[in-house]
Every structure is written in C-alpha cells, then in structure tokens.
Amino acid sequence: MEFREIQLEDALWITPLLKKSSYQGCDYTFGNLFIWKDLYKQQVALNGGMLCTRSQKPGTGEYQYLYPAGDGDLQEALEFMRRDAKKMGVPFLLRGFTKTEAQLLTDLYPGVFQIESTRSEWDYLYPVKDLSTLAGKKFHGKRNHIARFEDGNDWKYETLTSENKKECQSMFDTWYEEHANKGNTGALFDKDVVKNAFRYFNQLQFTGGILYRSSKVVGFTIGEPINKDTYAVHIEKAFFEVQGAYAVINREYVRHEMQDYQYVNREEDDGLEGLRKAKESYHPIMLEKFVAREVN
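Taking this note's numbering, the leading residue of the sequence shown gets 337, the next gets one more, and so forth.
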C-alpha cells in the first residue's frame, strides 16, 4: 500500500497494529492520528506488516515519518519510508520513538542516522492514583485551587455524550474566540482538531467529560486508551478565569474513566513555556522521545 490520506475505515487494520506494538506514546492511537489529519496532512500505508505514517509539519511543511507500529518486518517498513522520502526529494526524518526503538534503529543502521532527544516532544505521564487523589504536599496548591472552585457546591461533572456534546461545542467556540483575539497561535491549531474530535466522537470511540458551574459549561475533556496500561488525554479546555476549573476537570475525568489504567498520558508541551509549566506542576514521569535524521 502506498501512502494515502487516513480514513475512518482504516481503524480496522491500524488499531490491531497499534495494540501489537503497545507503545506508550501519545502518537500511537488511531483517534490521535485521525483528529490531526487535516492540520498535519496525515497519510498512512501498510508495508512489511507494519503501520507507516507520513505527515507535514504545519508552518514549515517539513515531512516527517512516525516510527512504524506492528509486529511485522521493521526494516522493510523503514526501507519503504526511506525510499518514499528519496522519491519526494526530502530528508528522511523519523520521530516519536523512545530509547528502546533508538537502540534498534542504531543496530539496524549503524552510522546512518543522527538521533537526538527532542524535549518539546516528550510526553507527560502521571500515575492514575496521583491525579485521582492529589494527595500529599506536592499537590497542596492544586487542592487549594479545587477548593476555591468547589465553594458553594454549585458545580457538577457529567460524562460527555451525543446529547450534551453541543454544549461543549458552544463553550469551545467562546474559548476559541477569546484566545484567537489575544493572538494565541496555538488556538488556531486547536480549532480543526477539536472540530474533528466532536464530529467523529462516536466513531472514534472517544470518552469525555464536561464540567459545569452554575449550570454553565466551564470545561471539557476528550481522550481514549493508548494500551492496556495507559490512557491519553487528547483535548482539555477550560475557562482560565474560572479558578480551579482545569484542576477539577482533570481530576474528575481521571476518576471516572481511568481507574482500570496505571498511567495518564497528557501528551506533549510543543515547547510552549506556559503549557510546560502547567504540566510540570503535576509532577510527571517524562517519556523521552527521539528524532532521527538520515546523515548518509
């Protein structure tokens, strides 16, 4: 199979390959690949019994390939992607893999790749127990924020469904306008991704949660399992001016959807200082990820 745009029906063959790999990185769910398809021009192919993906980085148009997933012939899949890059006349850039895969790549291709750790692409992992309880001194500040939110007991959390989804979409429209008007370029990226998540919510078998205060939606979140141990949070939005809203939607979603899992993957920070600070405040276990560039 040559590279082509990812389609909903591709879940039938992509999901089993992702499960066989059992990677912990946020890139390795069908839902994540699909909702970013428009922004990253996501394309997929099956080669060597492995999932191969090709995308283009927004802004630069740089082509990048995701480390193959599945239990097939790794080298055949890598050679297919290398040939594809050569055919298009672009550098071969492979991303999304951890130390284990970096060693495999070095063993297969000694001296061929320059492999670097890319901090902005590291994933933030958290024990489910930590985010469910926020116990101990290190979460004292989070509990204070939550206490301010819970004052008056005029809030509730609901599971996101087809029936209440429109309320979230309306809340996101307001959130988007506020951030776009402030020059938040990241919000421009969010628009298409969130739109896809809402539109294909049921088909992608996502879960989600909504946070209300005084009967108004002040936050929502969407995610899905990565593997049997780790759950991914793809989208989380709340009104920043509502103190504690982010902390509460975070806690409640974990409590309601992730109790059968060990870890929460809250994805990357994309090198954004504010986002990095927010994610580090929950004391993560970092999943270091690498990028390989062909040098020969």
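Heads up, the beta-carbon is just placed ideally off N, CA and C, and yes, glycines get one too.
By a C-beta neighbour count over all protein chains shown, 10 Å radius and 16 as the cutoff for buried, is Arg-549 buried or exposed? Answer is buried; the Cβ neighbour count reaches 16.
Going by DSSP, what residues sit across from Gln-595 in a beta bridge? None, per the DSSP bridge assignment.
Beta-carbon proximity check, Gly-545 vs His-481, cutoff 9 Å: In terms of Cβ geometry, Gly-545 and His-481 do not form a close pair [threshold 9 Å].
Using a threshold of 9 Å, state whether the C-beta atoms of Ala-381 and Phe-433 are closer than that. In terms of Cβ geometry, Ala-381 and Phe-433 do not form a close pair [threshold 9 Å].
What number of angstroms, rounded off, separates the C-alpha of Glu-612 from the C-alpha of Asp-459? The sequence given here places Arg at residue 612; Glu does not occur at that position. The straight-line gap from Cα to Cα measures roughly 11 Å.
For Asp-487, tell me which candidate among Asp-420, Gly-580 and Leu-547 has the shortest Cα-Cα distance. The candidate whose alpha carbon is nearest that of Asp-487 is Gly-580.
How long is the line joining the alpha carbons of Gly-559 and Pro-352, rounded to whole angstroms? In this structure, the straight-line span from the alpha carbon of Gly-559 to that of Pro-352 is close to 18 Å.
Using a Cβ-Cβ cut-off of 6 Å (strictly less than) and excluding sequence neighbours within five positions of Phe-339, which residues of its own chain qualify? Taken in chain order, the residues that qualify are Gln-379, Ala-381 and Arg-390.
Three-state secondary structure (DSSP) of Trp-372: Coil at Trp-372, not helix or strand.
Nonlocal neighbours in the same chain, by C-beta distance under 6 Å from Asp-407, ignoring five residues either side: So the list reads Lys-356, once near-sequence residues are dropped.
Where Glu-513 falls, given that 16 or more other Cβ within 10 Å makes a residue buried: Using a 10 angstroms sphere on the CB of Glu-513, the tally of other CB atoms stays under 16, which defines it as exposed.
Could you check if Ala-471 is buried or exposed, using at least 16 other CB atoms within 10 Å of its CB as the buried criterion? By the neighbour-count rule (16 or more Cβ atoms within 10 Å), Ala-471 is not buried but exposed.
Is Lys-478 buried or exposed, if buried means 16 or more other CB atoms sit within 10 Å of its CB? Burial call: buried.
Is Phe-508 near Ala-583, with beta carbons less than 9 Å apart? No, they are not a contact pair.
Please classify Thr-510 as buried or exposed, where buried requires at least 16 neighbouring CB atoms within 10 angstroms. It is exposed - the Cβ of Thr-510 has fewer than 16 other Cβ atoms within 10 Å.
Kindly indicate which three-state DSSP category Asn-532 falls into: helix, strand or coil? The answer is helix: DSSP assigns Asn-532 an H, G or I state.
What are the start and end residues of the alpha helix (DSSP H) that includes Arg-479? Per DSSP, Arg-479 belongs to the alpha helix (DSSP H) from 476 to 486.
Under the three-state reduction of DSSP, which class applies to Arg-424: helix, strand or coil? First, the residue type needs correcting, since residue 424 is Met and not Arg in the sequence shown. Note: Met-424 maps to helix in three-state DSSP.
Complete runs of the beta strand (DSSP E) confined to the stretch 385 to 433 [at least 3 residues]: Entirely contained in the stretch 385 to 433, the beta strand (DSSP E) runs reaching 3 residues are, in chain order, 386 to 392, 399 to 406 and 429 to 433.
What does DSSP give as the partner residue(s) for Glu-341 in the beta ladder? Per DSSP, Gln-379.
Burial state of Lys-518, where buried means 16 or more other Cβ atoms lie within 10 Å: With fewer than 16 other Cβ atoms within 10 Å, it is exposed.
Status (buried if at least 16 other CB within 10 Å, exposed otherwise) for Phe-428: Buried, since its Cβ has 16 or more Cβ neighbours within 10 Å.
Could you check how far apart the C-beta atoms of Pro-561 and Tyr-599 are, in whole angstroms? I think they sit under 8 Å. For Pro-561 against Tyr-599, the beta-carbon gap comes to about 11 Å, at or over 8 Å, which does not count as contact.
Apart from the five residues on each side of it in sequence, which residues of its chain come closer than 8 Å, Cβ to Cβ, to Lys-373? Taken in chain order, the residues that qualify are Glu-341, Ile-342 and Asn-532.
Would you report the Cα separation of Glu-494 and Asn-368, rounded to the nearest angstrom? Approximately 23 Å between the Cα atoms of the pair.
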